[in-house]
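Structure record follows, encoded as structure tokens.
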Amino acid sequence: MNTLSHLAVGTEQREKFSRRLADALFRIRYQLTGAILLGVLAPVILRGQFERLPDQIASYDNSLFGTLCAVLIGYMVFRKVTALPGSNAFTSITPAFLSSYGIIIAIFFVLRLEYSRYQFLASFVLTTCWFIALSYYVARFRQATLGLVSSERVQDLASLPGVSWVNFATPEAASRQRHLPLVVNLRDPKLSPEWERYLAEEAIAGRVIYNTKQIVESLEGRVRVDHLSENSFGHLAPDSIYAPAKRYIDAATAAVALFILSPFLLLVALWIKLDTPGPVIFRQERIGYRGKRFTMFKFRSMTVQAHDEKNTRDGDMTQSDDTRITRSGRFIRKTRIDELPQLWNIFIGEMSWIGPRPETLRLSAWYEQEIPFYRYRHIVRPGITGWAQVNQGHVTSVDDVRRKLEFDFYYVKHFSMWTDLFIGIQTVRVMLTGHGAK
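When we follow UniProt numbering, the leftmost residue of the sequence shown carries the number 1, and every step to the right adds one.
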């Protein structure tokens, strides 16, 4: 019993230390100190081991100043885009510092200043690694504390992950803890004039005040909607610059992938053929980009009889323990290998690598009857993987579909190259662990 008590005390002490360290690492001065030591000074020391300083003095000075500027600019961008609680820092680190280093190198190139490419490269790698490790540690051990202005959604907000709430019933109570950011439903018709005056004064004084809807969206990674008109997208169409570029990137990378993976695809096809009788490729009509029908290709993972006998809406939904799945099918579904024939769909422009998963005709018709704005998800090309696939499990009911739709809307709202890159990284994790695979 004493041993168990000592173990419990030791575990509690380690957790307290981890939380204190996470709180410290969240502060700007510690983050910047680590970034400057690793991203500015360490590359100089490493370079000094291989070069003679007097021979490269101009390059040293320029590179030292340039990497310092790149670290500071990248950090400002990083802090800006991750200011909202729940913002995923991992999606912002690489683009923030890639942009800042790119800007500094472009300036050096235009001004024809000498600099060391290797020093810049080492600085970029060390800086991004520092912030990735830091963000991971802080996300794991630190819980944000926010002040909540009384509203009807207290219970809903209390269930959100990663946040500790302090409920303020009156402005006087909120004044006693002015260090806490405030969260309030700015559209609440029941918000009293006293609260409105207090919030205006606090905003003028520099206190951080968040809108409830923004916080919920950021923490959950979903856009909650009841009607399409309530979406706060600014405009309904996704990023008009990245969208056409993505189409060419998809086609080029799909062509390369088909060429490189062709021997592997043949081996998988042979395994399926030897495992159970029937065609290797499963074809099915799906609803795709702009609501148009197309034929989607997959490696067959179920028995042929099941596909013929289960030609119903319920048959279109696959459970984790579905008896229709074959022996080879379980492996290729878990690792997402069954989706690889869709490389052809990507190449010809019917699909993308990343986007909302295309649904069958029956399921789409059913969802559209239950959710009037369901078709909005077709505003982007469907994908092999997507934001919903790396965040949600199986979809077996209308409620699950609504939740999946919220993930899809979040993807459309934050449609960008960096969001796609992050989803791609998460998909690799799903393929290796099987978590979230369907």
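All C-beta atoms in this analysis are idealised placements derived from N, C-alpha and C, irrespective of residue type, glycine included.
Quiz prompt | Nearest-angstrom beta carbon gap, valine 380 and phenylalanine 415 [assumed within contact, 8 Å] | solution = 7 Å
Quiz item: Which residue spans inside the stretch 245-294 form an unbroken beta strand (DSSP E) run of at least 3?
Solution: 281-287
Practice problem: With a cut-off of 8 Å on the beta carbons, I'd call glycine 329 and serine 301 a contact; round off their distance for me. | Solution: 3 Å
Practice problem: Pull up the DSSP beta-bridge partners for asparagine 211, would you. | Solution: Bridge partners of asparagine 211: Val184.
Quiz item: Looking only at its own chain, which residues have a Cβ that is under 6 Å from the Cβ of leucine 267, when we skip the five neighbours before and after it?
Solution: The answer is none, since no qualifying residue turns up.
Exercise. Assess, as a yes-or-no matter, whether the stretch 419-433 is touched by the stretch 361-375 under the definition of 3 or more beta carbon pairs within less than 8 Å.
Key: no
Quiz item: Does leucine 37 come within less than 8 Å of chain D when only Cβ atoms are used?
Solution: As a matter of chain content, chain D is missing from the structure shown, which is built from one protein chain.
Exercise. Go ahead and pull the three-state DSSP assignment for alanine 144.
Key: strand
Quiz item: According to DSSP, what are the bridge partners of phenylalanine 97?
Solution: For phenylalanine 97, which the question treats as bridged, DSSP gives no partner whatsoever.
Practice problem: Please look up how many angstroms separate the CB atoms of leucine 191 and arginine 207, rounded, as I've assumed it's under 8 Å. | Solution: Taking 8 Å as the upper bound for CB-CB distance, leucine 191 and arginine 207 are not in contact here, some 17 Å apart.
Exercise. Please report the residue range of the beta strand (DSSP E) in which isoleucine 345 lies.
Key: Sequence check: residue 345 is asparagine here, not isoleucine. From DSSP, asparagine 345 is part of no beta strand (DSSP E) but of the alpha helix (DSSP H) over 343-347.
Self-check item: threonine 14 burial status per 10 Å Cβ neighbour count (16 or more: buried)
Solution: Note that residue 14 corresponds to arginine in the displayed sequence, not to threonine. Arginine 14 is exposed by the Cβ-count criterion.
Self-check item: Touch test, the stretch 338-347 against the stretch 240-258, Cβ-Cβ under 8 Å, three pairs minimum
Solution: yes
Self-check item: Chain-order list of residues whose beta-carbon lies under 6 Å from that of arginine 47 (same chain, five-residue window excluded)
Solution: Gln119
Exercise. Compute the distance between the beta-carbons of isoleucine 297 and arginine 286, then report whether it is under 8 Å.
Key: Contrary to the premise, residue 297 reads as phenylalanine rather than isoleucine in this sequence. No, the pair does not count as a contact, with Cβ atoms beyond the cut-off.
Self-check item: Reference glutamate 114; option with closest CA among Ala122, Ile105 and Leu121
Solution: Ile105
Exercise. Under 7 Å Cβ to Cβ from arginine 283, same chain only, skipping five residues before and after it: list those, please.
Key: Thr295 and Phe297
Quiz item: Taking the continuous beta strand (DSSP E) assigned at serine 328, which residues delimit it?
Solution: It is not in any beta strand (DSSP E) - serine 328 instead sits in the alpha helix (DSSP H) that spans 327-334.
Quiz item: Between which two residues does the beta strand (DSSP E) harbouring serine 364 extend?
Solution: Premise fails: serine 364 lies in the alpha helix (DSSP H), 361-370, not in any beta strand (DSSP E).
Practice problem: Compare the Cα-Cα distances from leucine 25 to each of Leu38, Ser59 and Ala139 and report the closest residue. | Solution: Ala139
Self-check item: Contact set for leucine 228: own chain, Cβ-Cβ below 7 Å, skip 5 residues either direction
Solution: Confidence at leucine 228 is low in this model, with a pLDDT of 47, below 50, so the placement of that residue is unreliable and no value is reported for it.
Practice problem: Following the continuous alpha helix (DSSP H) through glycine 383, name the residue where it begins and the one where it ends. | Solution: Glycine 383 -> not in any alpha helix (DSSP H); beta strand (DSSP E) instead, spanning 383-385.
Exercise. Below 6 Å CB to CB, which residues in the same chain sit around asparagine 211 once its five sequence neighbours on both sides are set aside?
Key: Leu186
Quiz item: For glutamate 230, does the count of other Cβ atoms within 10 angstroms reach 16, so buried, or fall short, so exposed?
Solution: Caution is warranted here: a pLDDT of 42 is assigned to glutamate 230, below 50, making its placement in the model unreliable, and the coordinate value is therefore given only provisionally. With fewer than 16 Cβ atoms within 10 Å of its Cβ, glutamate 230 is classed as exposed.
Self-check item: For serine 18, the three-state DSSP class (helix, strand or coil)
Solution: helix
Self-check item: Where serine 164 falls, given that 16 or more other Cβ within 10 Å makes a residue buried
Solution: exposed
Quiz item: In three-state DSSP terms, what is valine 77?
Solution: helix
Quiz item: Nearest-angstrom Cα distance between threonine 335 and alanine 35?
Solution: The alpha-carbon atoms of threonine 335 and alanine 35 are separated by roughly 37 Å.
Self-check item: Cβ separation of phenylalanine 141 and serine 218, assumed to be a contact under 8 Å, to the nearest whole Å
Solution: Here phenylalanine 141 is actually not in contact with serine 218; their C-beta atoms are around 19 Å apart, not less than 8 Å.
Exercise. Within the same chain, show all residues whose beta-carbon is closer than 7 Å to that of glutamate 201, passing over the 5 residues directly before and after it, in chain order.
Key: Excluding residues within five positions, none has a Cβ falling inside 7 Å.
Quiz prompt | Span separating the alpha-carbon of glycine 291 from that of proline 382 | solution = 10 Å
Quiz item: Excluding the five sequence neighbours on either side, which residues of its own chain have a C-beta within less than 8 Å of the C-beta of valine 390, listed in chain order?
Solution: Ile423, Gln426, Thr427, Arg429, Val430 and Gly436
Quiz item: Can you round the beta-carbon distance between glutamate 339 and isoleucine 384 to whole angstroms, since I take them to be within the 8 Å contact cut?
Solution: With a Cβ gap of about 5 Å, glutamate 339 and isoleucine 384 count as contacting.
Quiz item: What residues in its chain sit with their C-beta under 7 Å from that of arginine 20, if we drop five residues either side in the sequence?
Solution: none
Exercise. Determine the DSSP secondary structure at serine 352, reduced to helix, strand or coil.
Key: In this structure, serine 352 counts as strand in the three-state DSSP scheme.
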